[in-house]
Amino acid sequence: MSFFNSNDYINQFNENTQKLLAPWQELNKAFVKNAEQMTEFSLNTIRTYTEMGLENMRQIAKIDSPEAAKEFNAKQADILNQISQQIMADAKHMTELGSSMQDEVMKVMSDVYGQTNEHMQSTMQKTADQAAKTAKEFTSTVNKMAEQATKNTTKPTAGKAAEAETPSSTTKATANKA
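Using full-length UniProt numbering, you'd call the opening residue of the sequence shown number 1 and step up by one each time.
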C-alpha cells in the first residue's frame, strides 16, 4: 500500500497549473509587447504630424509680402504630398504591427490547442483573413484620401493664380480708361 504524500500532490498540482497557464502567459506577453509597440507608434505618429503642422504654422508666420504668400502657396502641394506619403508609411507600419501580433497569437494558440485541432485553425485563419482584408481596406481608403487631398491642393492653387491675374487685369483696364 502506497502512502499518499501531500507534498507530492501539491507539487504535481503546481506543475499542472504551470503547464496549463504557460501558453496564456505567452499570449499575455505578446499582448503587452503589441500594446507597447502600438503606444510607441502612436506617440511617434502624433509627434511627426505635430511637427509638420507646427513647421507649416512657422512658415505662415513668416509671410510678410504678396511674394512670400505666393511662395508659401506654391509649397503647399509638396507639403500635402509629404503628408500623404507619411500617412501611407504609417498605414503600412500599422499593418505590419497587426500581422506581427497575428503571428504571435497564432503561434501561442497552436501551442494551446495543438496542431490537430482543425476547427480552431480554420477559425483563426478566417480571423487572419478578415484582419488582412480590413488592413487592405484601410490602406486603400488612406490612399484614396491622400490622392483626393493632393488633387484638391493642385486645383485651388491654379484657381488662385487665375484670381490673382483677374484683379491686376481689372486694374490695368481701369488705368487705361482713365
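Cβ coordinates follow ideal geometry from the N, Cα and C atoms, glycine included.
Owing to the predicted nature of the structure, the values given are computational and were not obtained by experimental measurement.
Enclosing alpha helix (DSSP H) for I63 [first to last residue]: Per DSSP, I63 belongs to no alpha helix (DSSP H) and is neither H nor E.
Would you kindly work out how many angstroms separate the C-alpha atoms of M57 and N44, rounded to a whole number? 20 Å
Is it buried or exposed for V32, if we count other Cβ within 10 angstroms and need 16 for buried? exposed
Tell me the start and end of each unbroken alpha helix (DSSP H) in the stretch 16 to 89 that is at least 4 residues and wholly inside, in chain order. none
Do the stretch 20 to 27 and the stretch 98 to 113 meet, that is, are 3 or more Cβ pairs less than 8 Å apart? yes
How long is the line joining the alpha carbons of S65 and E71, rounded to whole angstroms? 10 Å
Leaving aside the five residues before and after G98 along the sequence, list all residues of the same chain whose C-beta is less than 7 Å from its C-beta, in chain order. A131, A135
Can you tell me whether F13 is helix, strand or coil according to DSSP? helix
Using the beta-carbon count (16 or more within 10 Å), is S84 buried or exposed? buried
Considering only C-alpha positions, which residue in the set K126, D90, M124 is nearest to S140? D90
N5 in three-state terms, based on DSSP: coil
Check this for me: beta carbons of T153 and A74, under 7 Å apart or not? no
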